[in-house]
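Protein chains: 2
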Amino acid sequence: MTDPLFERVAILGIGLIGSSLARALRRENLARVIVAGDRGDVPARALALGIVDEATDDLGAAVTGADLVVLGAPVGATPAIMEAIAPHLAPGTILSDVGSVKKRVMDMITPVLPEGVILVPGHPVAGTEKSGPENGFAELFHGRWCILTPDADVPMGAVNKVARMWREAGMIIEIMEADHHDRVLAITSHLPHLIAYTIVGTAANLETQMSAEVIKFSAAGFRDFTRIAGSDPIMWRDVFLNNREAVLDILQRFTEDLTALQRAIRWGEGETLQALFTRTRAIRQAVVDARQA
Amino acid sequence: MTDPLFERVAILGIGLIGSSLARALRRENLARVIVAGDRGDVPARALALGIVDEATDDLGAAVTGADLVVLGAPVGATPAIMEAIAPHLAPGTILSDVGSVKKRVMDMITPVLPEGVILVPGHPVAGTEKSGPENGFAELFHGRWCILTPDADVPMGAVNKVARMWREAGMIIEIMEADHHDRVLAITSHLPHLIAYTIVGTAANLETQMSAEVIKFSAAGFRDFTRIAGSDPIMWRDVFLNNREAVLDILQRFTEDLTALQRAIRWGEGETLQALFTRTRAIRQAVVDARQA
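Taken in order, these protein sequences are the chains called A and B.
Each residue of the first sequence is one higher than the one before, counting from 237 in my numbering.
Each residue of the second sequence is one higher than the one before, counting from 237 in my numbering.
What follows is the structure in structure tokens.
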């Protein structure tokens, strides 16, 4: 039996993604010791699930001796977490994260990164609308993409170790610049979530009887939006606050397109509608062909 | 063995819904003879699938002798279909449909409805993004709602026969007025589809490299929209053209809500975002509790 990839992995924020990673690390024997750091009753719940070896609400203690630290909390918590752990990070430690926004997270971490600690930011593009360590599962990552956005001066050895971890968890690795990541995710993830939150909110604002009927007849399309809009509120608040420019930019394009469609409906321009609906069908086929459906 | 509910059922437009109904009729032994009427090679394909007893592109012949005729084509085809079949509908025949829009369809049919033919409009609220007789399946209707919108002067006997058919197919029946149906479906179905078509169109308009990446990383939310936006273009063109007022009305509310959210992001109002995202999560739970998830 070969040595594990890491001696001690500290996962700070053991929610859906963090706990799924813990399960994948265990399954693939990638860490000798897995430590969870979190708040309230979460460490106890993670321990009870048997997915980590240690769990604590003392983040400094959690990272002490760790050769890999993974930030798994909503990105807005990054400054507070860094303040708690920075004095305890040893030179040579790899610091990574799983945040849906990369540029701002790197801007938060870099100025307070201790000498010799290596930052390899990551974003496993996988998830469900559920939260908490109870809802994680090791297969969550299977066949999905993991995007790493290390700065140009980061040693390849550290990048390769993080890449190998996610690969063993089942993911396909892509490396790109943080800015580019944030623009791509603004359209593939952040805008869809914003739209879903909005439409479900619009329905919630209807008179009470109508709202009840919306739930009753939700199978006609609406329910898919409720699933997305059931995602973790804190995590998503932080995504929008920290990828503001890219989200507002793509939202502007979306609004223009929606206005054009609205006008086509008002004026009964069937050909415009049909042309768009035919074009989007081809995109669906491309998603199916790319095995991301 | 009891007599079937109907002697001869003609399904005009044997696509996803029509062919699923044919399969359910057969499974539950609800019709002595099932006839498909459609265009091009569709009748031959339906026959080859073994889901109907007869199939033809002569709609007049299809409905001759039928005691139930179900319109299964996109709602825009209704006037042409009525013109073809009206001379062949015998008094006492029940005419029903499966359209996603009810008021306009009734307005199209009522003036040309032959004396003694009974109109029981219906909308089985079920579907997938796929089209064509090959993609239908009898279980499509299981546990879903079927909304009937008969006029006040329609005899209950005919309503009950149509209701019984859908109930045996696995559906739960709700009776409401056509106008009300169109307002409820505008929010639960038409707006979600419009939004999904728009966002997928917005992505398709991005520069080529970005579009490719959008498909690659679609698992982060976008792919759910591509599924919805992969729905039948003709069917959906007709829905928007024929439920214009209700769609434009709910779209206006949606746009206001989206603008408010856009403003909250621009000004960094985290509490506004979090409050909405928490509220929408409760709606998701209600959908799950209503077993429509």
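Beta carbons: idealized from backbone N, C-alpha and C, even for Gly.
Partner residues on chain B for residue i, Cβ-Cβ distance less than 9 Å
i               : result
proline 499(A)  : It should be noted that the sequence gives arginine, not proline, for residue 499(A). Those within 9 Å of arginine 499(A) in chain B number zero; the least Cβ separation is about 10 Å.
glycine 249(A)  : Those within 9 Å of glycine 249(A) in chain B number zero; the least Cβ separation is about 17 Å.
valine 269(A)   : The contacting residues do not exist; valine 269(A) stays about 31 Å from chain B at best.
arginine 480(A) : Ile501, Arg502, Gly504
arginine 489(A) : Thr438, Asn441, Leu442
Beta-carbon proximity of residue i to residue j, cut-off 8 Å
i                    : j                    : result
phenylalanine 513(A) : tryptophan 381(B)    : no
isoleucine 486(A)    : leucine 427(A)       : yes
leucine 307(B)       : threonine 314(B)     : yes
leucine 537(A)       : methionine 344(A)    : As shown, chain A starts at 237 and ends at 529. That puts residue 537(A) outside it, with no answer to give.
phenylalanine 373(A) : arginine 502(A)      : no
tryptophan 402(B)    : proline 357(B)       : no
proline 369(B)       : alanine 302(B)       : no
alanine 362(B)       : phenylalanine 377(B) : yes
isoleucine 470(A)    : glutamine 521(B)     : no
lysine 339(B)        : alanine 414(B)       : yes
aspartate 460(B)     : aspartate 460(A)     : yes
arginine 515(B)      : alanine 439(A)       : no
leucine 248(B)       : alanine 298(B)       : yes
alanine 246(B)       : glycine 273(B)       : yes
Through-space distance from residue j to residue i, alpha-carbon basis
i                    : j                 : result
isoleucine 464(A)    : valine 436(A)     : 10 Å
proline 386(B)       : methionine 392(B) : 9 Å
glycine 457(B)       : arginine 527(B)   : 22 Å
phenylalanine 476(B) : valine 483(B)     : 7 Å
threonine 444(A)     : alanine 496(B)    : 22 Å
valine 524(B)        : arginine 275(B)   : 40 Å
valine 337(A)        : leucine 295(A)    : 22 Å
isoleucine 519(B)    : alanine 432(A)    : 12 Å
glutamate 185(B)     : valine 398(B)     : The structure shown has nothing for residue 185(B), since chain B only spans 237 to 529.
lysine 366(A)        : serine 467(A)     : 6 Å
valine 271(B)        : threonine 292(B)  : 8 Å
leucine 430(B)       : valine 395(B)     : 32 Å
leucine 325(A)       : threonine 491(A)  : 45 Å
arginine 489(B)      : arginine 400(B)   : 37 Å
glycine 506(B)       : histidine 417(B)  : 37 Å
leucine 304(B)       : isoleucine 409(B) : 18 Å
valine 390(A)        : isoleucine 451(A) : 50 Å
isoleucine 330(B)    : methionine 446(A) : 30 Å
serine 332(B)        : arginine 480(A)   : 50 Å
aspartate 239(A)     : glutamate 375(B)  : 51 Å
threonine 508(A)     : threonine 434(B)  : 12 Å
arginine 419(A)      : alanine 500(B)    : 20 Å
threonine 364(A)     : glutamine 498(A)  : 32 Å
glycine 504(B)       : methionine 318(A) : 22 Å
alanine 322(A)       : serine 425(B)     : 50 Å
arginine 517(A)      : alanine 280(B)    : 25 Å
Per-residue contacts from residue i into chain A (C-beta, under 7 Å)
i                 : result
serine 256(B)     : Within chain A, no residue comes near serine 256(B); the closest Cβ sits about 14 Å away, beyond 7 Å.
arginine 380(B)   : Ala455
proline 469(B)    : Gln510, Phe513, Thr514, Arg517
isoleucine 253(B) : Simply none; closest approach about 12 Å.
Proximal residues to residue i (C-beta, below 7 Å), its chain only, five neighbours per side dropped
i                 : result
methionine 412(B) : Ile383, Thr385
glycine 352(A)    : Pro327, Gly328
valine 278(A)     : Ile250, Pro369
leucine 261(B)    : Val245, Ala267, Ile270
threonine 462(B)  : Val436, Ser454
glutamate 404(A)  : Glu264, Leu266
methionine 407(B) : Pro360, Phe377, Arg380, Trp381, Cys382
Contact set for residue i: own chain, Cβ-Cβ below 8 Å, skip 5 residues either direction
i               : result
arginine 473(B) : Pro310, Gly312
leucine 285(B)  : Ser255, Pro369, Glu370
alanine 320(A)  : Leu295, Gly296
leucine 241(A)  : Leu266, Ala267, Lys397, Arg400, Met401, Glu404
Chain B residues whose Cβ lies nearer than 8 Å to that of residue i
i                 : result
methionine 446(A) : Arg419, Val420, Ile423
Same chain, Cβ closer than 6 Å to residue i, neighbours up to 5 away in sequence not counted
i                 : result
glycine 335(B)    : Val311, Val341
glutamate 243(B)  : Arg268, Asp303
valine 288(A)     : Ala258, Ile270, Ala272, Ala282
asparagine 478(A) : Val311, Val337, Arg340
glutamate 290(A)  : Val271
Contact set between residue i and chain A, taken where Cβ atoms lie within less than 9 Å
i              : result
leucine 402(B) : For the record, residue 402(B) in the displayed sequence is tryptophan; it is not leucine. Within chain A, no residue comes near tryptophan 402(B); the closest Cβ sits about 14 Å away, beyond 9 Å.
Within chain B, the residues that residue i reaches when beta carbons sit closer than 7 Å
i                : result
proline 449(A)   : In the sequence under discussion, the amino acid at residue 449(A) is glutamate, which differs from the proline named in the question. The contacting residues are Val420.
threonine 364(A) : By Cβ distance, chain B contributes nothing, its closest Cβ being about 11 Å from threonine 364(A), past 7 Å.
Residue i: contacting residues in chain A (beta-carbon distance under 8 Å)
i                : result
leucine 333(B)   : Checking the displayed sequence, the identity of residue 333(B) turns out to be aspartate instead of leucine. Within chain A, no residue comes near aspartate 333(B); the closest Cβ sits about 16 Å away, beyond 8 Å.
threonine 346(B) : Under the 8 Å cutoff, chain A gives no residues; its nearest Cβ is about 21 Å from threonine 346(B).
Do the region 345-356 of chain A and the region 260-267 of chain A touch if we need at least three Cβ pairs shorter than 8 Å? no
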